[in-house]
Amino acid sequence: MNEQRNRTTRQNSAVTVIGLGPMGQAMTRTLLAAGHPVTVWNRTAGRADGVVTDGATLAATPSEAVEASDLMLLSLTNYQAMYDVLDSATESLAGRTLINLSSDTPDTTREAATWAAGHDATFLTGGVMVPAPMVGTEAAYVYYSGPEDAMQSHLSTLTLLGAPKHLGEDPGLAQMMYQAQLTLFLTTLSGLMHATAMLGTAGMKAREALPELLSFADSIGDILRAGEENPGAALDAGEHPGNLSTVTMMGATSDHIVETSTSLGLDLALPLAVQAHYRRAIEDGHGGDNWTRIIDGIRGPR
């Protein structure tokens with residue numbers, strides 16, 4: 037009976053959410069739906085109206101928001117916004133767990149962990165890897181780094197937002213993974229728009245082009261997995277066997293993309309950047325290696 041009561045208490049523990057953009061609102065509603073008392077604060081108080089209607093409590097000040105819960109979730113524009121909000125509430129931070137889900141650089145994240153420790157707060161970095169409408173769904177997952185025991189102590193609450201994935205004790209790791217994933221995401225989006233613009237010059241409407249392009253984008257993972265039983269293993273070993281596709285072959289394709297884009301009057305920033313990766317690898321004498329050899333140039337001089 038006591039165990040059941042303790043479990044219920046943990047599952048329904050109070051949570052504070054600071055920052056009520058689409059992500060903060062989605063997290064608040066997910067926690068409310070699971071029975072958690074949620075206190076919120078936002079610099080523009082009107083943004084809290086919807087979640088307050090749904091049952092959240094609006095704090096009058098950041099200090100009041102911090103003092104309402106042992107667990108705080110921050111969803112802000114960047115880490116500077118955390119300082120702007122919490123500098124007036126630092127005396128209330130001691131003994132609390134602060135999870136910053138905002139985007140910034142890994143170094144900035146590490147500095148924030150030191151700042152939080154200086155105020156006797158436990159700090160976790162988080163990166164939500166789905167858009168706001170998917171928070172709380174089976175597809176949602178969140179990367180964390182920092183003290184693993186801090187994540188474990190709030191695991192039932194954090195799991196409501198998305199499957200928690202702890203990367204390590206370094207507070208910069210989750211931010212690094214977040215930025216790495218978004219590097220892939222943003223360059224893919226740019227590639228999709230470039231390809232759509234290219235087809236548009238031939239009279240193809242976006243509603244015709246995008247289904248074909250997205251179908252191909254969906255297959256890229258399968259194509260890469262088919263080429264290597266354990267993706268990344270050859271890279272870790274410094275091996276780039278050119279038995280399937282070589283730097284020279286892929287470089288020629290990048291040349292054709294630049295030439296086509298030039299003839300169509302399209303912006304060349306993206307295709308020239310890709311072409312430069314292959315040209316550097318060829319100049320370094322790796323034309324016969326697998327296309328993965330371009331990682332050497334991306335890593336820069338060592």
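The numbering used here puts the sequence shown at residues 37 to 338. We put the CB at the ideal spot given by N, CA and C, even for glycine. As the structure is a prediction and not an experimental result, all values here were calculated from the model.
Check, Outcome
"Could you tell me which of VAL164, THR158, LEU209, SER111 sits nearest to LEU131, measuring between CA atoms?", "It is Gly, not Leu, that sits at residue 131 in the sequence shown. Among VAL164, THR158, LEU209, SER111, the Cα nearest to that of GLY131 belongs to THR158."
"Whole alpha helix (DSSP H) runs in the segment 112 to 182 with 4 or more residues, listed along the chain?", "115 to 122, 142 to 154"
"Restricting to Cα atoms, I'd like to know which of PRO267, TRP327, MET240 is closest to VAL283.", "TRP327"
"For ARG243, does the count of other Cβ atoms within 10 angstroms reach 16, so buried, or fall short, so exposed?", "exposed"
"Out of GLY82, LEU302, ASN48, which has the shortest C-alpha to C-alpha gap to GLY55?", "GLY82"
"So LEU67 and VAL74 are in contact, right, with Cβ under 8 Å, and what is the actual spacing, rounded?", "5 Å"
"Would you mind sorting ALA269 into buried or exposed? The rule is 16 or more other CB atoms within 10 Å of its CB.", "exposed"
"Quick check: the segment 243 to 259 against the segment 286 to 301, are there 3 or more CB pairs under 8 Å?", "no"
"Is the beta carbon of ALA186 less than 8 Å from the beta carbon of ALA104?", "no"
"Would MET170 and VAL178 be called neighbours here (beta carbons separated by less than 8 Å)?", "no"
"Count the C-beta pairs between the segment 120 to 129 and the segment 184 to 199 that are closer than 8 Å, then say yes if the count reaches three, no if not.", "no"
"Apply the 10 Å Cβ neighbour rule to ILE318 and answer buried if 16 or more other Cβ atoms are within range, or exposed otherwise.", "buried"
"Would a C-beta distance cut-off of 8 Å place GLY91 and GLN61 closer than the cut-off?", "no"
"Buried or exposed: where does TYR119 fall if 16 or more other Cβ atoms within 10 Å of its Cβ makes it buried?", "exposed"
"Going by CA-CA distance only, name the one from LEU280, ASN266, ALA69, GLY287 that's closest to GLN311.", "GLY287"
"Taking the C-alpha atoms as reference points, what is the distance between ALA233 and GLU100?", "51 Å"
"Anyone know if the C-beta pair for ILE331 and LEU271 falls short of 8 Å?", "yes"
"By the 10 Å Cβ neighbour count, where 16 or more other Cβ atoms means buried, how is HIS322 classified, buried or exposed?", "buried"
"Whose C-alpha, out of ARG65, THR133, VAL53, PRO142, is nearest the C-alpha of SER111?", "VAL53"
"Nearest CA to the CA of GLY199: which residue from GLU184, ALA69, THR173?", "Going by the sequence as given, residue 199 is Ala instead of Gly. Looking at the Cα atoms, THR173 is the closest of the given residues."
"What are the boundary residues of the beta strand (DSSP E) that PRO98 is part of?", "No beta strand (DSSP E) holds PRO98; the alpha helix (DSSP H) holding it covers 98 to 103."
"Whole-angstrom Cβ separation of LEU107 and HIS190, contact assumed at under 8 Å?", "5 Å"
"For MET240, name the three-state secondary structure that DSSP assigns.", "coil"
"Could you give the residue range of the beta strand (DSSP E) that holds LEU271?", "No beta strand (DSSP E) contains LEU271, which is instead part of the alpha helix (DSSP H) from 269 to 272."
"Pop quiz: ALA148 and TYR115 are said to be a contact at Cβ under 8 Å. What is the actual Cβ separation, rounded to whole angstroms?", "5 Å"
"Verify whether the separation of the beta carbon atoms of THR161 and ASN136 is less than 8 Å.", "yes"
"Is the Cβ-Cβ distance between LEU228 and LEU249 less than 8 Å?", "yes"
"Give the range of the beta strand (DSSP E) segment to which LEU107 is assigned.", "107 to 110"
"Taking the C-alpha atoms as reference points, what is the distance between GLY239 and PRO307?", "21 Å"
"Do GLY278 and GLY333 have their beta-carbon atoms positioned less than 8 Å apart in this structure?", "no"
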